[in-house]
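Take a look at the structure set out below.
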């Protein structure tokens with residue numbers, strides 16, 4: 720909907736829509752706290768993110784395996800519902816094929832641009848909501864130092 724600037728999820732007959740047919744990929748640069756959304760080898764958009772404290776964001780090649788709206792946070796065995804002010808995951812979760820790691824929103828936007836997370840990649844809620852609509856499960860994510 721966002722790439723087509725639609726205000727509704729209704730599509731009308733004859734309406735022209737943008738449909739992405741080229742696969743996207745994501746590169747997270749921990750040294751700069753940037754997430755780059757790429758089409759082929761070209762950077763399409765760059766986002767400021769927060770990454771892991773003490774180098775806790777793993778480096779490597781991953782895939783997004785699951786996507787959740789208003790995710791529940793499982794903190795040290797406790798269940799923190801999406802509506803709780805203690806839930807730091809924000810409005811979206813895109814989990815990696817490495818359990819416990821992924822890209823999510825935040826309730827602490829002032830932390831962006833820093834290495835402060837428990838290992839995940841943290842984004843502004845508006846940014847992660849945009850990314851969530853663009854990239855499907857299966858999208859490749861590369862994290863570099």
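In our numbering, the protein residues as written are 720 to 864. Glycine is no exception: its CB is placed at the ideal position from the N, C-alpha and C atoms. Only a predicted model underlies this, so the values are computations on that prediction, with no experimental measurement involved.
Alpha carbon of residue i to alpha carbon of residue j, nearest angstrom
i: residue 753; j: residue 803; result: 28 Å
i: residue 720; j: residue 728; result: Interpretation of residue 720 is limited by its pLDDT of 43, a score under 50 that renders its predicted location unreliable; the figure taken from the coordinates is listed afterwards. About 7 Å.
i: residue 854; j: residue 764; result: 12 Å
i: residue 858; j: residue 733; result: 30 Å
i: residue 815; j: residue 730; result: 32 Å
i: residue 806; j: residue 864; result: 27 Å
i: residue 856; j: residue 812; result: 11 Å
i: residue 817; j: residue 827; result: 24 Å
i: residue 797; j: residue 735; result: 46 Å
i: residue 787; j: residue 801; result: 11 Å
i: residue 790; j: residue 761; result: 31 Å
i: residue 740; j: residue 751; result: 30 Å
Nearest neighbour of residue i, chosen from the options [CA to CA]
i: residue 835; options: 783, 805, 773, 732; result: 773
i: residue 820; options: 781, 846, 844; result: 781
i: residue 767; options: 797, 846, 783, 860; result: 846
i: residue 749; options: 758, 784, 779, 850; result: 779
Residue i, enclosing beta strand (DSSP E) - first and last residue
i: residue 844; result: Here residue 844 belongs to no beta strand (DSSP E); instead the alpha helix (DSSP H) covers 844-853.
i: residue 859; result: 859-863
i: residue 748; result: 743-748
i: residue 729; result: Here residue 729 belongs to no beta strand (DSSP E), and DSSP marks it neither H nor E.
i: residue 759; result: Where residue 759 is concerned, there is no enclosing beta strand (DSSP E), given that its DSSP letter is neither H nor E.
Cβ-based neighbour list, residue i, same chain, cut-off 8 Å, excluding 5 preceding and 5 following
i: residue 837; result: 771, 772, 775
Neighbourhood of residue i by C-beta, 6 Å cutoff - its chain only, sequence neighbours within 5 removed
i: residue 844; result: 809, 810, 824
i: residue 747; result: 754, 840, 862
i: residue 833; result: 769
i: residue 785; result: 814
i: residue 744; result: 757, 859
Contact with chain B by residue i, beta-carbon distance below 8 Å
i: residue 756; result: No chain B appears in this structure, which consists of one protein chain only.
Cβ-based neighbour list, residue i, same chain, cut-off 7 Å, excluding 5 preceding and 5 following
i: residue 792; result: 799, 806, 807, 808
i: residue 851; result: 786, 811, 813
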